[in-house]
Structure formats: structure tokens, C-alpha cells
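The block underneath contains the structure these notes are about, expressed in C-alpha cells.
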Amino acid sequence: MVSIASTFKALCLSFLFIVVASRPTIRPKVFNVRRYGSRPDGKTDNANAFTSVWKHACTRISGSSKIYVPKGTFYLGGVEFVGPCKNPIEFVIDGTLLAPANPRDIKQDTWINFRYINNLSISGSGTLDGQGKYSWPLNDCHKNTNCPKLAMTMGFAFVNNSRIKDITSLNSKMGHFNFFSVHRFNITGVTITAPGDSPNTDGIKMGSCSNIHISNTNIGTGDDCIAILSGTTNLDISNVKCGPGHGISVGSLGKNKDEKDVKHLTVRDTVFNGTSDGIRIKTWESSASKLVVSNFIYENIQMIDVGKPINIDQKYCPHPPCEHEKKGKSHVQIQDIKLKNIYGTSNNIVAVNLQCSKSFPCKNVELIDINLKHTGLEKGHSTAMCENVDGSVRGKNGSSTLSRLTQWSIEKITFWVIHDIFSYILLPNFCIYFMFYVLVYMIS
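Throughout the sequence shown, residue numbering follows mature numbering (1 follows the signal peptide of the UniProt record, and there is no 0), covering -22 to -1, 1 to 422 in sequence.
Listed below in C-alpha cells is the structure:
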């Protein structure tokens, strides 16, 4: 009986395997934009054709859809792709999408916008050409109230469980990629390019997002390589090359009411090359909201001729004069920040700048193995400037910033502000608000 039962069981398993293996693979239905009237001549506006393709792909019930843009140059006016869709959609771009040169020809704030979609995949060897060079001279809204509204290249709002891979974004009018209220999104292998003097061309900007992963991406812009705004949590960045640009910036924060906390950021194995800043946190001193910036890890990061490699600035003022010069201190609390194995070269003699709020001093800031050498025109070793910081420093002996602390056999230092005595203390090769060690250094 046992033998019969075993034989019967084996036959059932074999039959089940045959049934499963013989099931046909359901491939996505391909929607080629050429079949919907698109013309790759670089002149015909293909916005209506692309919208028609999206409508058919998004409403398809039986299985996933694949929108395909073949090689060629497709001129595209402003377009929105709106869900929810019935099934996952893959958007493959192998050609070039060309934006209008005149910024007034794009009526919305984003050239190509995706909204209310789950399970979206964008990939391909193609390019999004924003033709920004015609718009950059008009980017003067901070002083001209009649400035034209410039569009971001590609935006995602309320898009979840999605990804973008291998695409190139070139010369955006404003920022390249904008994310708002996006959750569980992967960005990998993307190339973002604009001249270093192109204004406000942020590479990746995100607010109110969570569980975002950015990896193996090259970004060179005229503004932040990555800008992290209010309400963003659980952001992982690795193997990113940034430069030119303004570094990876958190903020600016605190300017507007009802801003939300920014928490759990990890940046690893990243290179900053020729950027104005590297690691940057910026908050307005005259804050309209109270929020917390916490649980950040920066590790294994190389700086190559960076202006300000490590820069916490809680007196942010891009276009002076600013209101904070007359009132208030920043109400943004920065805490639990770890910086480990940050190395390379600094153009600025102040390689580490920690200018924290007097009302809400930075708490638990860890500096571990910081090795930044000054290569700028100004003579002298790299230095550090600290204000209103409570934290610790650990590192090997050497001539790098902060490392000389270990020569005094100090394993942990608390940075207490003493600008009742001095406005700030700036000493070669270390940064410490503890008067005894300041005196020892000066005597030696």
C-alpha cells in the first residue's frame, strides 16, 4: 500500500509540473507610439498621440502593457499620464523626447507628469531633452515677479511601487526629476546632465516621499544633485556620482508652515567631484515651522575639490537681506547624525562647517574618520568651524580635519557653544568648544 501511495503521489506531482510548465507566458501587450500617429521628425507635437497611447495601455484589463518609444526624435509638448491603471505599465524610451524650446509652450509646471499610478516602470536608452538653454536666462523669479513659469522635466505624484532605470535627462528648464508623495520607488542607472552654471536645475527633488532607493546614478547640474524636502523618510542613496552641482542637500527646511520631519537618510559609497557642497543640511533661521531632522548616516564618501565638503547651515539665506537677520532662530532640530569615513580634498579652508541653531542645538552628531585636506588657494591646513553642536569625534592621528583631537587622547568631545566669549572659534585641524583644550592648543 505504501508503494502504491508513493507512486500515485509522484504521478500527481509530475502531472502538476507538466500543467504549470505548459501554461503560456503572458507577455505585456506592446503599444508602439508610431502606430498611434507619432512622428519622429523633431517638429511635430506628439502630445495627443502619446496621450492616446497611454489611455489604451492604462485601461487594458487583460494583462500588463508596454508603451514603446523607438529611436528617433519625438517633439513633445506638455503631457500628463494619469492613473489609476488596470494593470502594471512599462514605459520603454529608446528615442529622444524633445521639449519645446519656448518655456511658455508648456502650460503646466512639469513637462512630462505621471500621477496616481501603481506599478510603473520607466526604462530604456533614450533621452529626455528639456532644451533648457533657452530658458535659463529667464530664471530670475527671486527678483522679477513677471518671470515665466519654467517646467520640471519629469514629475511623479502619488506614484507607488515603481521604478525608473537607465534613462538620461539632459538640460532641464528647471529641475530634472520631481517626486511628491511617492512611496516605494527605485531609481537606478540614471544619468542627469546640465551645465554647472544652469540655474535651479536640481537633479532629483523629493518631498513627502518614503522608501526611495537611488543607486548607480550620475548627476551633474547647476543646483542640488539630490534635494530632500519636508516629510521625506527612509531614503537610501548609494553609488552616486555628483558633480558639478550643489551636493546632496536636505532642505531648505523651516521656511513654510506645516512642514514635516525628515528622517532616516543613508548616503553611502558616493563621490562628490567639483561641487560647491558635498553633504549639506540647510534650514532657515527665521523658521515658520518646528520639525526634526534625524537619523542620518553618511559613510564612505569621497570629496574631490569640493567647496564645502560637510556643511550644516542653520542660517540659510540664498538671497540676502533675509528676515532672519532681524528676528528668530531656527526651530529645526537636527539630531542623530553620523558621518564616517569622509575623505578627500576641500577647496575651502573650512572643510567642516557645523553652524547649528542657538535655540535648538544639534544633538548627537558623530564625526568618525574624517580626512579632508585643503587644496585651495588660501594657505593653511583644513579647519573646522562649529557652533551650537553636541556630539563626538573619533579618528586616526594625522593632519586631517578633526584628527588632531586624538593627539590629546580624547575619545569623546562635546561641542558646547561659547560665543558669549567669542563669536566663534576657528582653529587649525580641529573644532572644539571646550576652553581648556583651546588654551592647551594655543599654548603649544
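Here a beta-carbon is modelled for each residue, glycine too, at the ideal position from N, C-alpha and C.
Those residues which DSSP pairs with residue i across a bridge
i	result
Thr166	Lys143 and Ser193
Asn341	The question names Asn, yet the displayed sequence has Lys at residue 341. Answer is Gln313 and Asp368.
Glu277	Arg246 and Lys318
Gly185	Phe158
His352	Ser324
Met152	None; Met152 has no bridge partner.
Ile45	Phe9 and Phe69
Phe127	Just to set this straight, residue 127 is Lys in the shown sequence, not Phe. The partner list for Lys127 (beta bridge, DSSP) is empty, contrary to what the question assumes.
Arg38	Answer is none; Arg38 lacks a bridge partner.
Distance CB(residue i)-CB(residue j) smaller than 9 Å
i	j	result
Ile257	Val218	no
Lys143	Ile100	yes
Asn319	Asp283	no
Ala266	Gly232	yes
Phe59	Ser16	no
Ile170	Gly198	yes
Asp175	Lys127	no
Ser188	Leu213	yes
Asn80	Tyr112	yes
Asp332	Cys340	This sequence places Leu at residue 332; Asp is not what is there. Result yes, Cβ atoms of Leu332 and Cys340 sit closer than 9 Å.
Option nearest residue i by Cα separation, candidates the options
i	options	result
residue 436	Asp23, Pro62, Ser40 and Asp118	The requested residue 436 is not part of the displayed model; the chain covers only -22 to 422.
Val367	Glu344, Trp114 and Cys203	Glu344
Gly56	Cys63, Ile165 and Met132	Met132
residue 423	Tyr276, Ser208 and Pro48	Residue 423 lies beyond the range of the chain shown here (-22 to 422); nothing can be said about it.
Gly373	Asp214, Leu317, Gly285 and Ser337	Leu317
Gln311	Glu356, Asn10, Thr261 and Ser324	Thr261
Ser216	Asp247, Pro126, Gly223 and Ala27	Asp247
Arg12	Arg5, Lys21, Val31 and Ile4	Val31
Ser159	Thr88, Thr211, Asp175 and Thr195	Thr211
residue 424	His297, Gly174 and Asn189	Any answer about residue 424 is impossible in this case: the structure gives the chain only from -22 up to 422.
Asn91	Ala25, Trp114 and Asp72	Ala25
Asn149	Asn189, Gly200 and Asn342	Gly200
Cys203	Asp214, Ser227 and Gln86	Ser227
Gly354	Cys340, Thr323, Leu332 and Lys336	Thr323
Pro6	Thr146, Val70, Pro339 and Ile165	Val70
Glu356	Val328, Leu350 and Phe9	Val328
Val8	Arg93, Gly225, Asp19 and His34	His34
Tyr294	Ser230, Glu237 and Asn234	Ser230
Glu365	Ser335, His359 and His352	Ser335
Nonlocal neighbours in the same chain, by C-beta distance under 7 Å from residue i, ignoring five residues either side
i	result
Asn65	Arg38, Gly41, Ser42 and Ser43
Gly268	For the sequence presented, residue 268 should be read as Lys rather than Gly. For Lys268, where only same-chain residues beyond five positions count, the Cβ hits under 7 Å are His309.
Cys63	Cys36 and Ile95
Gly185	Phe158, Leu207, Ser208, Gly209 and Thr210
Arg82	Pro126
Lys21	Tyr53
Asn164	Arg141 and His191
Cβ-Cβ separation, residue j to residue i (assumed contact under 8 Å), whole Å
i	j	result
Val270	Asp291	That pair is no contact at about 17 Å.
residue 423	Asn326	Given that the chain is displayed from residue -22 to residue 422, the structure contains no residue 423 and the question cannot be resolved.
6 Å Cβ shell around residue i - same chain, five flanking residues per side excluded
i	result
Asn156	Met130, Gly133 and Lys183
Asn273	Lys241, His242 and Asp314
Asn96	Asn138 and Asn139
Gly153	Met130, Asp180 and Lys183
Asp107	Thr74, Leu76 and Leu148
Ile388	At Ile388, the pLDDT of 23 sits below 50, so the modelled position is not reliable; the number obtained from the coordinates is stated separately. Taken in chain order, the list of residues that qualify is empty.
Ser337	Lys307
Asn251	Gly221 and Ile282
Asp19	none
Tyr14	Ala27, Ser30 and Val31
Neighbour flag for residue i against chain D, beta carbons, 9 Å
i	result
Lys241	As a matter of chain content, chain D is missing from the structure shown, which is built from one protein chain.
Own chain residues within Cβ distance below 8 Å of residue i, not counting five before or after
i	result
Gly223	Gly174, Gly181, Ile197, Gly198, Thr199, Gly200, Asp201, Asp202, Cys203, Thr253 and Ser254
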